[in-house]
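Everything below concerns the one structure shown next.
There are 2 protein chains.
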Amino acid sequence: MKYIAGVDIGGTNTKIGLVDESGKLEITQSIKTLSEEGVYKTMHRIWETIQGLLKKQNIMEKDIIGVGMGIPGPVKNEEIVGFFANFPWERNLNISKIFEEISGKKTKLNNDVNVIALGEAVYGAGKGSNSSVTVALGTGIGGGIFVNGQIISGFSGAGGEIGHLKIVKDGKLCGCGQKGCFEAYASATGIEREAISRLMVNKKNMLYKKIGGDLSNLEAKDVFDCAKLGDEFSIGIVDYEAEYLAMGIGNILNIINPEKIILGGGVALAGDILLKRVEEKLSKYAMPVTLENGFKIVLGKLGNDAGILGAAALIR
Amino acid sequence: MKYIAGVDIGGTNTKIGLVDESGKLEITQSIKTLSEEGVYKTMHRIWETIQGLLKKQNIMEKDIIGVGMGIPGPVKNEEIVGFFANFPWERNLNISKIFEEISGKKTKLNNDVNVIALGEAVYGAGKGSNSSVTVALGTGIGGGIFVNGQIISGFSGAGGEIGHLKIVKDGKLCGCGQKGCFEAYASATGIEREAISRLMVNKKNMLYKKIGGDLSNLEAKDVFDCAKLGDEFSIGIVDYEAEYLAMGIGNILNIINPEKIILGGGVALAGDILLKRVEEKLSKYAMPVTLENGFKIVLGKLGNDAGILGAAALIR
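So this is what it looks like as structure tokens:
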């Protein structure tokens, strides 16, 4: 049996796993990324961890056919990282070359969200579909587009940056510095911003009570919890969120027309109270033909393993 | 030498050509589509025309390696047409199978705008680029996305329907029945609607004089012509148009991050007065990284031959 090492590099922790050719995850380990010690130390530590895992599993080093990595930043040609979000590493680093020199193994990388999307597409909720778009709804909104067996990485590594679709001209300021981004409306942060804005003029509601009147305490989950309990004020916010979520997803459908939309991230955990509304509103934004032939919105299946499995899927 | 037949089926006319393996167009002929006579008669007429062209060029029928077709409608799996825009032909017709039975030649099809995009990507303004998105700015807005050697046709044949990106929530009514579509703002029709709306309350301008005060006379070209002559009123409309065009193109960049945007269609003929403005405004909507590494907006190169050449490029 041959194996692939999947590496999911995060700001704080790096998750590493061994995956067999069928996509079975044999073993995982999490280490500190410690990016401040420099790229070479981090890469050496990753390779040593892989070697340790091989030993534990009694797998020979020669049976590793390659290493796949997910990295927080735009990746060109599956090897060069344009810049690292939050890492003190230089621009346009050829991480693939660095790691190949350390390990002697073929190494491919892609953006972390693209890698999650690839994992879900190949081994998870999109398995068997020719096309899927993964929408990661968390603090921000990330995305990855899978078509014809490949992720659309983009010319400069920015393919699938759906969080920065502009859905309102001159709209709300986004963390990226531009205005009117999908993410400024439909992410957890977007929900929190809207909830706080509304709470400033309406305090007679369950949500205000739940957070003890402390606006800085509010989390998106509070809004969903109160909405589930019937709080009309919170339901109004969920409706607002669902409308923009439908608009953003509808736009993805009109451009890509995928077989599946795969939702991940914390906001997706809100469940039916959000998803049912999005599905109802979708026909206002998506062309009818994109909703036909069995198109489905599904939840991601791989959870925390999506990054490792997707990284491994880069080596196929 | 081997050859491919490229067929560009339109509402009124069908253009047919023979293309050699290097992409050289040897000969073309235009025939009436006459869709009202039924799909079989049209397909037979197309094959007879191809046979006639072969004879004229002294090419043996066995040297045709396949037939590619562009068709006005969504196409699944390069063979089945979901529905025909304006043709009295039934839904979900397997045109590929029908034509293969008539001709004995491998036949592949795609949507007409996708085929134009493939032609520009392989033989025209996108030649040598790994990714390009063609934006056809005419009465409506069509699009085709080329990535990694392939057109994104979509699960139901609606890939690249960028004209129906929603850029204004509950915005202007579009011909498709939905609201706020890119096409409702930035197509020739979009310009004309905005111009007429403004002319109804402002008649002291060059544009009003040019159309002799007859609103039903107005064409998008009049607006560009007056703007080029310095008419402030018309320049205002061009600015409005350019803003939405930048928003739509910016959204395409954020999702696909292509190496090139290829502009085609009548509106693109407006030239610098429109394009310069779009380029200036683009940085408000497109993520900065998508505009780096030599990204370019270019004009289409193949003109009326794009459909035939792109259809031929389906057979590669």
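Top to bottom, those sequences are chains A and B. In this text, residue positions in the first sequence follow the working numbering: the first is 1, and each later residue adds one. In this text, residue positions in the second sequence follow the working numbering: the first is 1001, and each later residue adds one. Cβ coordinates follow ideal geometry from the N, Cα and C atoms, glycine included.
B/V1289 and A/F83 have their C-alpha atoms roughly 10 Å apart. Taken atom to atom, the span from the alpha-carbon of B/G1212 to that of B/L1229 is near 17 Å.
Residue B/T1028 holds the alpha-carbon nearest to the alpha-carbon of B/K1055 among B/T1028, B/T1042, B/R1193, B/V1223. Assigned with DSSP and collapsed to three states, B/G1236 falls in helix.
Our two residues, B/G1177 and A/Y240, have alpha carbons roughly 23 Å apart in a direct line. Contact annotation: A/D20 and A/I71 have beta-carbon atoms that are not nearer than 8 Å. Cα atoms of A/T14 and A/M69: separation of roughly 10 Å, rounded to the nearest angstrom. A Cβ-Cβ distance of about 4 Å is found for the pair A/F182 and A/L165, placing them in contact under the 8 Å criterion. Between A/T134 and A/G264, the alpha-carbon positions lie close to 7 Å from each other. Counting only residues of its own chain and dropping the five nearest sequence neighbours on each side, A/K179 has a CB closer than 6 Å to the CB of D170, G171, L173.
If you look at A/D63, you'll find it isn't in any alpha helix (DSSP H); DSSP assigns it neither H nor E. Neighbourhood of B/G1175 in chain A, by CB distance below 8 Å: empty, with the nearest CB roughly 12 Å away. Of all residues in the segment 1261-1281 of chain B, none places a beta-carbon less than 8 Å from a beta-carbon of chain A. The beta-carbon of A/F87 is placed no less than 8 Å from the nearest beta-carbon of chain B.
For B/V1223, the enclosing alpha helix (DSSP H) covers residues 1220-1228. Under a 10 Å Cβ-count criterion, A/G38 is classified as exposed, with fewer than 16 other Cβ atoms of the shown protein chains found around its own Cβ. Under a criterion of Cβ atoms nearer than 9 Å, the residues of chain A adjacent to B/N1257 are, in order, P74, I152, S153, G154, F155, S156, G157, A158, G159, G160, E161. Interface with chain A (8 Å Cβ-Cβ cutoff): B/L1165 is included. In this structure, B/L1025 is the residue among B/G1250, B/Y1244, B/L1025 with its C-alpha nearest to the C-alpha of B/G1119.
Taking the Cα of B/M1287 as reference, the smallest distance to any Cα among A/P88, A/A121, A/S132, A/G154 is reached at A/G154. Using a Cβ-Cβ cut-off of 8 Å, A/F84 does not count as an interface residue toward chain B, since no Cβ of chain B sits closer than that to its own. Under the Cβ criterion (8 Å, minimum of three pairs), the segment 1116-1131 of chain B counts as touching the segment 1142-1159 of chain B. Under the Cβ criterion (8 Å, minimum of three pairs), the segment 299-315 of chain A counts as touching the segment 256-263 of chain A. Judged by DSSP secondary structure, A/T28 falls outside any alpha helix (DSSP H) and instead within the beta strand (DSSP E) spanning 25-32. Listed as beta-bridge partners of B/D1020 by DSSP are B/Y1003.
At a cut-off of 8 Å, the C-beta of B/Q1029 has no neighbouring C-beta in chain A. With contacts defined by Cβ atoms closer than 8 Å, A/I256 and B/G1159 form a contacting pair.
For A/I211, the three-state secondary structure derived from DSSP is coil. One finds A1158, E1161, H1164, C1176, Q1178 in chain B with Cβ atoms closer than 8 Å to the Cβ of A/M287, taken in chain order. Residue pairing by DSSP places A/K55 opposite no residue, since no beta bridge is assigned to it.
A/N114: not part of any beta strand (DSSP E); member of the alpha helix (DSSP H) spanning 112-123, first to last residue.
With fewer than 16 other Cβ atoms inside 10 Å of its own Cβ, A/V201 counts as exposed. In this structure, DSSP gives B/F1182 a helical state, which the three-state scheme calls helix.
Residue contact with chain A for B/S1234: absent (no Cβ-Cβ distance below 8 Å to any residue of chain A). If you ignore the 5 residues before and after B/E1100, its C-beta comes within less than 8 Å of the C-beta of K1106, T1107, all in its own chain and listed in chain order. Rounded to whole angstroms, B/S1187 and A/K204 show a C-alpha spacing of 47 Å.
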